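Please read the structure below before turning to the comments.
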Ligand code: NAD
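Numbering (my numbering), first residue to last: 58 to 538.
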């Protein structure tokens, strides 16, 4: 069985302790490769390699960092088909989604931050004839990047690219649930000529490898994307060491659909925002609030389209819904259907697992599910499920919609559907959310701040926000008198 390797000091290496954990193909429900079960020793080796490389990399001209990161983007583009199939096999997502979203976005992340570093300038503040200040943006040194399984290479590169572009050396950990494309990525870094030690990728469990990065006294910043509970644990360990922290956490995103929306556009986008990637995108809308005059029309059309969705082999180009990422996760997601019923909800579409034939008979498949009749305060509407389950609920007034939308501990993303410009902006202003999409969803401009409020996180990624996070500002004051 294929063994995935760590990437430390420019080499592909087995874990020091020689232990491995199983890597599952979720569509087959079977082990198909082995992941290094790395530990503190591997992290220490990765740290030493990064520390040795940090100074030279930080002093490398921006044009050279641009050239290498851009070259990695070229190689991702070259290997698009292979990477997309690997992502689909590892994660269960439809290969078409990986080919059109995940892998192109990984390439864009590398290219965007490669070019952005050419435009990132230090600031100066004049003080008339008394003097001036200039503020240097210097690399932090060695930084840690920890990412989740839902958009594996997409989110991994979203962190690594700005960290490297700004001249840091990186110790990175992809999710142990979906390690494979990070492994292929390490091979591309070698091919692109990334100097050894500048990026180190250590595979393994969160509680071992992730926590070894978090508690390492000399890894000075942590960029983390994952669940809110893990984020709280990372903050608990890292904050007393005064590490810089960027935490991108969970969500329970509302869609507010007013009666005056463009119904067809809203409907086709709501299908995607509900069920893309099996509902396993932190930005998916899982609480759908619909204004009463169009509630029944919406419900009937939504149920019709949801029931028509094809849940098939994710490597089939026509697949719209693939497999849920793991046995543990499908068990958790399905348990919320039982909870919703106990809470008085009515399942009006889906609600069951899908038993596939042949080689997929052990795969983790379920039907996209719609639940109606629940109050906004119940657990089903308050807790993150992170699967293909949405609830729908009618509302009458704008105030009521805002009260429902803002009622959870989360505040990552929200969607507003209306043709009334004033109402759209008024609601956007009042939503407790880091991101609001008006009459669209998942339209991304990599320059914009990305992140959540409340329990959805601390800090922002994207554009200059990321470049600022991965640098220390040093102000130098010059007195001219
Ligand atoms: P997770 O928190 O279980 O794991 C994320 C990463 O953290 C993994 O690499 C894991 O190994 C590691 N980890 C686990 N325990 C750790 C510890 N004690 N110390 C350090 N690292 C540790 O999350 P997940 O299940 O992989 O991903 C799903 C979650 O991610 C959902 O809550 C989703 O909303 C969230 N997410 C958020 C965003 C965002 O941008 N806000 C994007 C994608 C996913």
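Positions of the beta carbon are idealized from the N, C-alpha and C atoms, including for glycine. These figures come from a predicted structure and were not determined experimentally.
In terms of DSSP beta bridges, what is residue i paired with?
i           : result
residue 181 : 191
residue 344 : 311 and 448
residue 426 : 446
residue 88  : 81
residue 186 : 184
residue 202 : 229 and 280
residue 494 : 472
residue 534 : 190
residue 303 : 280
residue 5   : Shown here, the chain extends from 58 to 538; a query on residue 5 therefore has no answer.
residue 223 : Paired residues: none, contrary to the question.
residue 514 : 305
I think residue i touches residue j, with their Cβ atoms under 8 Å apart; what is that distance to the nearest whole Å?
i           : j           : result
residue 61  : residue 91  : 7 Å
residue 207 : residue 229 : About 17 Å; that fails the 8 Å criterion.
residue 270 : residue 201 : 4 Å
residue 424 : residue 368 : 6 Å
residue 366 : residue 332 : 7 Å
residue 527 : residue 220 : 5 Å
residue 159 : residue 211 : 5 Å
Residues in the same chain with beta-carbon distance under 6 Å from residue i, minus the five sequence neighbours each way, listed in chain order, please.
i           : result
residue 345 : 312, 447 and 449
residue 198 : 111 and 277
residue 171 : 123, 126 and 127
residue 410 : 423
residue 164 : 130, 133 and 134
residue 52  : Because residue 52 is not part of the residues shown, which for the chain are 58 to 538, the question remains open.
Quick one: is residue i buried, meaning 16 or more other Cβ sit within 10 Å of its Cβ, or exposed?
i           : result
residue 185 : exposed
residue 533 : exposed
residue 303 : buried
residue 337 : buried
residue 433 : buried
residue 181 : exposed
residue 287 : buried
residue 190 : exposed
residue 429 : buried
residue 121 : exposed
residue 281 : buried
residue 264 : exposed
residue 94  : buried
residue 524 : buried
residue 154 : buried
By Cβ distance, which residues of its chain are closer than 7 Å to residue i, with the 5 residues on each side in sequence left out?
i           : result
residue 272 : 294
residue 510 : 468, 489, 490 and 491
residue 20  : The shown model of the chain, from 58 to 538, leaves out residue 20, and the question about it has no answer.
residue 427 : 359, 360, 363, 405, 406, 407, 447 and 449
residue 371 : 84, 145, 149, 150, 151, 152, 379 and 380
residue 476 : 317, 318 and 319
residue 284 : 306 and 307
Name the residue from the options whose alpha carbon lies nearest to the alpha carbon of residue i.
i           : options               : result
residue 394 : 118, 431, 308 and 494 : 431
residue 444 : 343, 433 and 327      : 343
residue 73  : 226, 521, 259 and 310 : 259
residue 132 : 157, 441, 244 and 93  : 244
residue 222 : 232, 529, 196 and 210 : 196
residue 387 : 361, 377, 357 and 419 : 419
residue 12  : 262, 105, 475 and 289 : There is simply no residue 12 to check, as the chain begins at 58 and stops at 538 in what is shown.
residue 502 : 169, 120 and 94       : 169
residue 58  : 67, 77, 65 and 518    : 77
residue 82  : 100, 142 and 95       : 142
residue 318 : 350, 298 and 309      : 350
residue 113 : 462, 254, 80 and 328  : 254
residue 66  : 176, 289, 247 and 232 : 247
residue 328 : 175, 536 and 377      : 377
residue 75  : 88, 89, 68 and 99     : 99
residue 480 : 464, 398 and 456      : 456
residue 506 : 453, 496 and 521      : 521
residue 96  : 267, 334 and 466      : 267
residue 236 : 249, 203 and 297      : 203
residue 80  : 401, 138 and 238      : 238
Within 8 Å of any Cβ in chain B, is that where the Cβ of residue i sits?
i           : result
residue 495 : The structure shown contains no chain B, having only a single protein chain.
Can you find the residues in the same chain that come closer than 8 Å, C-beta to C-beta, to residue i, ignoring five residues on each side of it along the sequence?
i           : result
residue 451 : 346, 347, 348, 349 and 352
Report whether the distance from the Cβ of residue i to the nearest heavy atom of ligand 2 is below 7 Å.
i           : result
residue 341 : You won't find ligand 2 in this model; what it holds is ligand 1.
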